[in-house]
Amino acid sequence: MLRSLFSAVTGLRSHQTRMDVIGHNLANVNSIAYKSARASFRELFSQTLRGATAPAPPRGGINPQQVGLGTAIGSVDTLQEQGALQATGRVRDLAIEGNGFFVLAAGAEIFYSRTGNFVQDATGTLVDPSTGLNLQTTTGTNITVPAAVVYISIDRSGNVTGVDAAGTVLALGQVALASFANPEGLTRAGNNLYSVSPNSGAAAVGAPQTGGRGAVVSGSLEMSNVDLAKEFSDMIVTQRGFQANTRMVSVSDEMLQELANLRR
139 MLRSLFSAVT
149 GLRSHQTRMD
159 VIGHNLANVN
169 SIAYKSARAS
179 FRELFSQTLR
189 GATAPAPPRG
199 GINPQQVGLG
209 TAIGSVDTLQ
219 EQGALQATGR
229 VRDLAIEGNG
239 FFVLAAGAEI
249 FYSRTGNFVQ
259 DATGTLVDPS
269 TGLNLQTTTG
279 TNITVPAAVV
289 YISIDRSGNV
299 TGVDAAGTVL
309 ALGQVALASF
319 ANPEGLTRAG
329 NNLYSVSPNS
339 GAAAVGAPQT
349 GGRGAVVSGS
359 LEMSNVDLAK
369 EFSDMIVTQR
379 GFQANTRMVS
389 VSDEMLQELA
399 NLRR
């Protein structure tokens, strides 16, 4: 009887965590390049009331008798599926079509992101507007646009080209992309940034459209990959699961109350 109460409490905690994940997804439905998360349940260990026995003629075998002790969150996965690309017409807005992450750095700090709404700071360097992190090239340097440049273009291979007032074409660098053996193993660092984890594998940094890395699309941004219909259906199912577990707590409490009344 008490097992049912404890199991219901684990169910409440797990469903609350899943609702937290869903709420975070819905809050970021319009965040650039946000990748949705998914909470999965796992069964907790079971109490064995009687072990299994092998067949011993003339009697057959007996299956084990086990009572489960509830549930817990087994994993919270980051779903790295491609989001839709939205055209902006702004050259410095970059989207990745395919695999890979932009490499952003500030000194020894290195992060990875698919958010590409880059801006130029006072020195002409392309940076992430939320954090000030510098966009990196394939050679590990910043991309700086000279003051004399009046126009820049960025092709699908990430080559940044500038043209000055005299019509001189300047090569300003090539945007680097990083790929990982297990991108879902990256650690979220806030601001749509990711950092390497022991289970993501090391970053393989190189040019776009090489080594399985995707293409850079200038004038576009990748949208969130949150599926609103799925999130709403998951929210309803999670709410019902939470309600069912609250009902189990109430029923278990009533049974305990009946036991307490036996002494009267």
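First residue of the sequence shown: 139, per the numbering used here; consecutive thereafter.
In this text, a Cβ means the ideal position worked out from N, Cα and C, and glycines have one as well.
In this structure the stretch 357-373 lies against the stretch 148-168, because at least three pairs of beta carbons, one per stretch, are closer than 8 Å. Between Thr263 and Thr282, the CB-CB gap stays under 9 Å. Per DSSP, reduced to three states, the secondary structure at Leu140 is helical. The beta carbon of Ser317 sits closer than 7 Å to those of Asn237, Gly238, Ala342, Gly349, Gly350, Arg351, all from its chain and outside the five residues before and after it, given in chain order. In this structure, the beta-carbon distance from Ala177 to Val159 falls below 9 Å.
Distances from the alpha-carbon of Asn297 to those of Ala285, Ala303, Leu273 put Leu273 closest. Contact check for Leu315 against Ala345 passes: the beta carbons are separated by less than 9 Å. Per DSSP, Arg385 lies in no beta strand (DSSP E); the unbroken alpha helix (DSSP H) holding it starts and ends at 366-399. Comparing alpha carbon positions, the residue from Val265, Ile248, Phe249 closest to Phe256 is Val265. The straight-line gap separating the alpha-carbon atoms of Ala244 and Ser358 is approximately 25 Å. Here Pro284 is exposed. Its C-beta has fewer than 16 other C-beta atoms within 10 Å. Taking a contact as a CB-CB distance under 8 Å, the pair Ser152 and Leu207 does not count as one, their CB atoms being some 13 Å apart. Inter-segment contact for the stretch 214-230 and the stretch 182-196 is absent: fewer than three beta-carbon pairs are separated by less than 8 Å. For Val313, there is no enclosing beta strand (DSSP E), as DSSP gives it neither H nor E. In the three-state DSSP reduction, Gly149 falls in the helix class (H, G or I).
Arg385 and Val205 have their alpha carbons spaced roughly 20 Å apart. Ala225 counts as exposed, since fewer than 16 other C-beta atoms from the protein chains shown sit within 10 angstroms of its C-beta. Rounded to the nearest whole angstrom, the C-alpha separation of Ser169 and Tyr332 is 15 Å.
For Ala222, the number of other beta carbons within 10 angstroms of its own is below 16, and it is reported as exposed. The criterion of a C-beta distance shorter than 9 Å is satisfied by Ile292 and Ser356.
Per DSSP, the beta bridge partners of Ile211 are Phe179.
Using a Cβ distance threshold of 9 Å, Asn383 and Gly212 do not count as a contacting pair. In this structure, Phe249 is the residue among Arg197, Phe249, Leu310, Ser390 with its C-alpha nearest to the C-alpha of Thr325.
For Phe249, the pairing in a beta bridge is given by DSSP as Leu242. Its chain contains Gln218 as the residues whose beta carbon lies nearer than 6 Å to that of Pro321, once the 5 sequence neighbours on both sides are disregarded; these appear in chain order. Under the 10 Å beta carbon count, Leu366 is surrounded by fewer than 16 other beta carbons and is classified as exposed.
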